[in-house]
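See below for the structure under consideration.
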Amino acid sequence: MFEDHESLDQVLEGVGHANTPLTGWLEANRKYPNARKLTYHEFPTDWVWQRKEKKWKGRDEGFKIGRIYFVHPASEELYYLRMLLNIVRGSTTFAEIRTVNGIEFATFKEACNALGLLEGDNEWHQALQDASSWAHAPQLRELFVTMSIFCEVSNPTDLWEKNWELLSDVVLYRQRKRSLTNYANMPFPDMSLVQQTSNRMILEEQMFDMATLAEEASNLEAGLNPEQSSVYRQILDNVENRTGGVFFIYGSGGTGKTYLWSTLISRIRSQGGIVIAVASSGIAALLLHCGRTAHSRFSIPINLNENSCCRIS
Ligand SMILES: Nc1ncnc2c1ncn2[C@@H]1O[C@H](COP(=O)(O)OP(=O)(O)OP(=O)(O)O)[C@@H](O)[C@H]1O
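Read in full-length UniProt numbering, the sequence shown has 274 at position 274, and its numbers run on one by one without any break.
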């Protein structure tokens with residue numbers, strides 16, 4: 001431990017043999033039996049840290065509340081040591097701090113566990129079990145990694161040992177390398193169809209009520225003004241004749257662009273066509289039937305560079 005104002009030399013000099021308030025507390029416990037009734041964090045109530053001498057001295061006057069620096073759980077042993085320092089009294093060595101009911105544990109974490117300070121990992125075991133009823137093994141593995149990194153799982157090995165079978169599902173399948181094709185005369189699905197039916201976007205597009213959409217499209221069409229109508233016809237002809245094209249339509253606010261999109265979307269969908277309705281902002285996307293933001297639909301990265309690409313298949 002060192003202070004901000006200390007020079008590098010002073011810090012280096014102190015490394016390894018400096019008497020810190022913590023080692024001073026251990027020493028005070030060794031020397032003074034009356035010091036042993038306090039935890040490290042309570043110590044400043046009766047004792048004063050003498051900065052120069054680097055020793056604790058009995059308090060003559062005043063009152064101080066002890067405070068231990070915050071330690072992030074990711075610091076592992078340091079974090080568990082800090083936890084113990086709020087509880088153990090009269091320790092004279094670090095080994096004694098991690099001794100519980102006469103048993104000296106190898107780590108501070110194990111000592112915390114023996115004292116029942118760590119929450120059981122039940123919730124994480126339960127979360128993996130629950131997720132296994134709907135998630136695939138690769139997703140479960142991702143979940144396991146997320147838990148291990150961010151969720152302060154007290155015993156990751158135990159979590160792994162009790163759940164590895166769930167996580168290894170696909171691994172076993174890959175090792176077996178067997179499928180319906182290995183069995184003579186077994187019907188085998190047409191994979192192109194399987195792929196098509198598993199595409200959520202195509203499935204969504206095929207779930208529209210085409211009759212209702214056709215009626216809606218007719219109503220909207222009837223309301224198009226001449227300018228909208230001309231643009232509408234041009235675009236629809238391109239779609240119907242499969243000639244393709246790129247159109248840029250612009251106009252001041254409120255001149256009927258969204259109305260035009262809605263008419264096109266309804267008409268094309270009513271004919272069984274697929275329309276990916278996207279807009280640049282969430283609010284604009286809400287105005288389109290089943291619209292999404294382009295970033296969401298095409299997985300466009302927020303920060304772009306020359307290698308960026310978006311995912312759509
Ligand atoms: N041909 C039309 N017949 C009847 N109402 C229309 C017609 N065109 C547009 N509107 C109506 O005018 C209003 C504004 O139209 P719309 O929202 O399509 O404009 P916009 O150009 O998309 O506006 P913005 O650029 O602000 O988004 C809406 O209430 C819309 O229903």
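Where is the CB? At the ideal position from N, CA and C, for every residue including glycine. What you are looking at is a predicted structure, and each value in this text was computed from that prediction instead of being measured.
Distance, residue j Cα to residue i Cα
| i | j | result |
| --- | --- | --- |
| Val145 | Cys151 | 10 Å |
| Thr92 | Glu61 | 26 Å |
| Asp169 | Val153 | 23 Å |
| Asn122 | Val71 | 24 Å |
| Glu221 | Ala214 | 10 Å |
| Phe43 | Ala111 | 21 Å |
| Ala114 | Ile87 | 13 Å |
| Gly116 | Tyr69 | 22 Å |
| Gly272 | Asp237 | 15 Å |
| Gly245 | Met191 | 31 Å |
| Glu161 | Ala95 | 29 Å |
Residues bridged to residue i (per DSSP)
| i | result |
| --- | --- |
| Ala279 | Thr293 |
| Trp47 | Gly58 |
| Glu104 | Thr99 |
| Arg89 | Thr39 |
Proximity test, residue i beta-carbon vs ligand 1 heavy atom, cut-off 6 Å
| i | result |
| --- | --- |
| Thr255 | yes |
| Tyr173 | no |
| Tyr259 | yes |
| Asn225 | yes |
Buried versus exposed call for residue i [16 or more other C-beta atoms within 10 Å across all chains shown]
| i | result |
| --- | --- |
| Met201 | exposed |
| Ala184 | exposed |
| Lys109 | buried |
| Thr157 | exposed |
| Thr263 | buried |
| Asn163 | buried |
| Ala211 | exposed |
| Phe218 | Reading the sequence as shown, one finds Ser at residue 218 and not Phe. Its Cβ having fewer than 16 others within 10 Å, Ser218 is exposed. |
| Pro226 | exposed |
| Ile274 | exposed |
| Tyr32 | exposed |
| Tyr80 | buried |
| Leu180 | exposed |
| Glu216 | buried |
Contact test: residue i Cβ vs ligand 2 heavy atom, cutoff 6 Å
| i | result |
| --- | --- |
| Ser262 | As presented, the structure is devoid of ligand 2, carrying ligand 1 as its sole ligands. |
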